[in-house]
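Peer 1: Below are the structure tokens for one structure; questions will follow.
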Amino acid sequence: MTDTIARYFEAFNAGDTGAMLDCLGDQIAHHVNEGKIRAGKDKFAEFCAHMSRCYKEELTDLVIFSSDDGTRAAAEFIVNGTYLVTDEGLPEAKGQTYRLPGGSFFELKDGKISRVTTYYNLADWIAQVSAG
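Below, the structure is given as structure tokens:
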């Protein structure tokens with residue numbers, strides 16, 4: 003199952019939403035940091051389009067962990083990003099760069115990701131882009 007998670011993150015870093023969607027089950031539950039749960043691939047794709055418009059991100063220092071039965075996994079990483087376009091309710095974008103730790107938790111079913119939950123410190127991100 004870690005192969006699925008590795009492909010998901012490779013696709014993320016390549017900016018390939020289609021390849022990310024290929025890693026997801028049809029009923030994906032996407033738990034967003036500081037946001038509502040999005041259900042289904044269409045909502046996930048909409049989220050990715052929004053994120054690609056506002057942010058350019060690459061994840062480094064990726065470490066993937068998985069349960070023995072292959073139904074759960076987690077990853078920690080560093081988010082290296084550039085804030086491209088102002089996101090509603092957040093500070094103004096001026097091309098600021100940021101670097102912060104993050105993590106994701108996964109449930110897997112039939113070789114596909116059925117839930118992804120992502121966390122990062124929003125206050126740290128706001129401080130970084132406000133100073134930049």
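For the sequence shown, the numbering used here begins at 3 and goes up steadily by one. The C-beta atom is built at its ideal place from N, Cα and C for all residues, glycine as well. Quantities reported herein were computed from a predicted structural model and do not represent experimental measurements.
Quick check: the stretch 96–115 against the stretch 77–85, are there 3 or more CB pairs under 8 Å?
Peer 2: yes
Peer 1: When we look at the beta-carbon of V65 and count the other beta-carbons within 10 Å, is it buried (16 or more) or exposed?
Peer 2: exposed
Peer 1: What is the residue span of the alpha helix (DSSP H) that N123 lies within?
Peer 2: From DSSP, N123 is part of no alpha helix (DSSP H); its letter is neither H nor E.
Peer 1: Hey, quick one: how far does the alpha helix (DSSP H) through A8 stretch, first residue to last?
Peer 2: 4–16
Peer 1: Residues in its own chain within less than 8 Å of F49 by CB, not counting five upstream and five downstream?
Peer 2: So the qualifying residues of the chain are H32, V34, R40.
Peer 1: At a threshold of 8 Å, does W127 count as lining the ligand GTP (C-beta to nearest heavy atom)?
Peer 2: Of the ligands one can find in the structure shown there are none, so the ligand GTP has no counterpart to examine.
Peer 1: Excluding the five sequence neighbours on either side, which residues of its own chain have a C-beta within less than 6 Å of the C-beta of E1, listed in chain order?
Peer 2: Residue 1 lies beyond the residue range present for the chain, which begins at 3 and ends at 134; the question has no answer from this structure.
Peer 1: Which first and last residues belong to the alpha helix (DSSP H) in which D24 is found?
Peer 2: That run of the alpha helix (DSSP H) goes 19–24.
Peer 1: Which residue's Cα is closest to the Cα of N123: D70, T4, F79, D28?
Peer 2: F79
Peer 1: Just to confirm the assignment: which complete beta strand (DSSP E) runs, minimum length 3, are found wholly within the stretch 77–133?
Peer 2: 99–111, 114–122
Peer 1: Is the CB-CB distance between I30 and S116 below 9 Å?
Peer 2: Here I30 is near S116, since their CB atoms are less than 9 Å apart.
Peer 1: Which value, in whole angstroms, describes the spacing of the CA atoms of T73 and T4?
Peer 2: 10 Å
Peer 1: Can you list, in chain order, the residues of its chain with a C-beta nearer than 7 Å to that of V131? Leave out the 5 residues immediately preceding and following it.
Peer 2: Y85, P93, Q98, Y100
Peer 1: DSSP three-state call for E59: helix, strand or coil?
Peer 2: strand
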